[in-house]
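Student: Numbering (this note's numbering), first residue to last: 1474 to 2072.
Yeah, the Cβ is synthetic: ideal placement off N, Cα and C, and Gly gets one too.
Provided herewith is a single structure, encoded as structure tokens, for subsequent inquiry.
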């Protein structure tokens, strides 16, 4: 194999080629100019963009070169094949032809053209029985060297003579083949009436047949059969000539291709073979069914008319991109003939077949998958909202991460916060309220009040922990720490008092709230498996609860620690000491209002 530039310079030669040109008539090295004759062939090949074939003798050998231009038109590839045997055989045959020209011309009109020049020349000689034996020494070389299998038969179909190629195909020797019926080498059942009649009558067979043959090792192979008659000068049939060519590999490849085509034709995915122009050269039944077009309509449409997301693409640029990548996959949209658009998984593969280029496109309808994904997304969003209604955002995120890592729900979360402010609020006289109200009215009242508290908590950026009966628990400073946690909780407490007063005035229900607040460290986290929630633990929680339970109805009672945090911004009234279980006497204050700054 050689590669020669357009100006005739040798660019590349594989080792076999270099060995060929090391000596003799054509001594060529890398970078040298090739012979003038070759340059003319290169020019024609590049100009026509078509392969050119020529033969050259080198010393006692002969080679056939096929010149194929490169895609960029700047060079040509030479593919060489040693045809010395055929060349010498043809020269010997040519010499024989000169001696028999007169006789051959008388028979030429009656001879049939075959696929190979070798078969034609052999037929011409075998048709003249007299000259066959006179020239046997000259034709023996051709007969022996022929690549196809050849057998000379009598009119009963018995083998009189066979060449080495046929003997190798059947795994036989000349002795074992001689005298056998040729049809004995053909697999039973492969003959049809026409073939049998041709043998029985000693006639020629029109065209080539593909049949299976027996090998001596009990295997079979596929081959062609060409059957011709050889007549004497009076036109009477004297012999039959059988020619066999092994086509096992090509038939297997063809059958595999047909099987592949069969599978593509019947796949549920739409399949299109797209030419460089963007027009489809092939469409399977699924493409017609999924898109609603007939096959004839699809084979006239540009790919961008179907895959609407590619309409803005420069087709030539897109084609080149796929050619370089070999394959490309994406999710896109296609449009049916009725205008309906649906999503597909699109796979594009660049292929070259029979010296032609295609993009093989497979499109799988993923409408149901997309609908399922959308339903899953909506369900996940609902789950996310539900989770955020139960837990702080950061805690919800941690829970999701832990559930993914450990494949279980309910993994414990715990975190210490050095300083937060905890609020407990309780409706005074709730027991009496329960006795005087129906269950529906009671729940409605609590919902109105606690919903108002929820809105206030959210507006102030605080974290609602839970409600227990008529008690409402809030914390400031977690899970995201903030410096003004005490101030934010104080604002909430005052707003809760105002909200309860407005509700009482509007509903006529004498609702009284009691609030307790304390500031200090806590442990916060999630524990348990069922109905788990975000909760707080520690002395700070207990003391805040005591401030509420031992507080004054309609007042906000805070500890010394909370007072110290707020005393410069709020008005307080010192209540004095309050006995707290486990702590003894504790100083407490009543939060009244924010200090008003005079303008």
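Just tell me which of 1773, 1751, 1851, 1828 has its CA closest to the CA of residue 1821.
Tutor: If we check each option's Cα against that of residue 1821, 1751 comes out closest.
Student: Look up residue 2061 in the DSSP assignment and say whether it is helix, strand or coil.
Tutor: Looking at residue 2061 - three-state DSSP - the assignment turns out to be strand.
Student: Please name the residue, chosen from 1694, 1708, 1715, 1688, that lies closest to residue 1701 on a Cα-to-Cα basis.
Tutor: It is 1715 whose Cα lies nearest to the Cα of residue 1701.
Student: As a quick exercise: from 1626, 1631, 1628, 1635, pick the residue whose alpha carbon is nearest that of residue 1615.
Tutor: Of the candidates 1626, 1631, 1628, 1635, the one whose C-alpha sits nearest the C-alpha of residue 1615 is 1635.
Student: Pick from 1756, 2036, 1783: whose alpha carbon is nearest that of residue 1772?
Tutor: When each option's Cα is compared against that of residue 1772, the closest is 1756.
Student: With DSSP as the reference, identify every bridge partner of residue 1716, one or two as the case may be.
Tutor: Residue 1716 pairs with 1623, 1699.
Student: Candidates 1919, 1962, 1916: which alpha carbon is nearest residue 1937's?
Tutor: That would be 1962, whose Cα lies nearest to the Cα of residue 1937.
Student: Measuring CB to CB, does residue 1644 end up less than 9 Å from residue 1689?
Tutor: Contact: yes.
Student: Give me the Cα-Cα distance between residue 1683 and residue 1526, rounded to the nearest whole angstrom.
Tutor: Roughly 30 Å between the two C-alpha positions.
Student: So, are the CB atoms of residue 1633 and residue 1712 less than 9 Å apart?
Tutor: The answer is yes: Cβ separation under 9 Å.
Student: Compute the Euclidean distance between the alpha carbons of residue 1569 and residue 1695, then round it to the nearest angstrom.
Tutor: Approximately 34 Å between the Cα atoms of the pair.
Student: Could you please give me the residues that DSSP links to residue 1946 through a beta bridge?
Tutor: Partner(s): 1897, 1939.
Student: What's the call for residue 1744, buried or exposed, on a 16-neighbour Cβ count within 10 Å?
Tutor: Burial call: buried.
Student: Spatial neighbours of residue 1761 within its chain, please: CB distance less than 8 Å, with the 5 preceding and 5 following residues excluded, ordered by chain position.
Tutor: Correct list, in chain order: 1767, 1768, 1771.
Student: Beta carbon of residue 1949, beta carbon of residue 1965: below 9 Å?
Tutor: Contact: yes.
Student: Use the C-beta contact count for residue 1647: other C-beta atoms within 10 angstroms, 16 or more gives buried, fewer gives exposed.
Tutor: Residue 1647 is exposed by the Cβ-count criterion.
Student: Please determine, among 1969, 1928, 1903, the residue with the shortest C-alpha to C-alpha distance to residue 1942.
Tutor: Ranking the options by Cα distance to residue 1942, first place goes to 1903.
Student: How is residue 1829 classed by DSSP in three states: helix, strand or coil?
Tutor: Strand.
Student: Could you tell me if residue 1880 is buried or exposed, where buried requires 16 or more neighbouring beta carbons within 10 angstroms of its beta carbon?
Tutor: The predicted position of residue 1880 is uncertain, since its pLDDT is 45 and thus under 50; no value can be drawn from it.
Student: Using 9 Å as the threshold, is the C-beta distance between residue 1620 and residue 1638 below it?
Tutor: For residue 1620 and residue 1638, yes; Cβs fall inside 9 Å.
Student: Do residue 2064 and residue 1984 have their CB atoms nearer than 9 Å?
Tutor: Not a contact, by the Cβ cut-off of 9 Å.
Student: Can residue 1685 and residue 1659 be called in contact, C-beta distance under 9 Å?
Tutor: Going by C-beta atoms, residue 1685 is nearer than 9 Å to residue 1659.
Student: Give me the DSSP bridge partner(s) of residue 1527.
Tutor: According to DSSP, which records beta bridges pairwise, residue 1527 is partnered with 1538.
Student: Would you report the Cα separation of residue 1486 and residue 1554, rounded to the nearest angstrom?
Tutor: Each residue's alpha carbon lies about 14 Å from the other.
Student: Please name the residue, chosen from 1642, 1652, 1722, that lies closest to residue 1687 on a Cα-to-Cα basis.
Tutor: Considering only alpha carbons, the answer is 1642.
Student: Quick check: the stretch 1501-1521 against the stretch 1536-1551, are there 3 or more CB pairs under 8 Å?
Tutor: At 8 Å Cβ cutoff, the stretches touch.
Student: State the start and end residues of the unbroken beta strand (DSSP E) segment that holds residue 1683.
Tutor: Its beta strand (DSSP E) spans residues 1682-1687.
Student: Give the DSSP-derived three-state secondary structure of residue 1710 in the structure shown.
Tutor: Strand.
Student: How long is the line joining the alpha carbons of residue 1631 and residue 1651, rounded to whole angstroms?
Tutor: Each residue's Cα considered, the two are about 8 Å apart.
Student: Using alpha carbons as the reference points, say which of 1628, 1913, 2032, 1841 lies closest to residue 2051.
Tutor: Answer by Cα proximity: 2032.
Student: Given this structure, state the Cα-to-Cα distance separating residue 1929 from residue 2043, to the nearest angstrom.
Tutor: Going by the C-alpha atoms only, they are around 19 Å apart.
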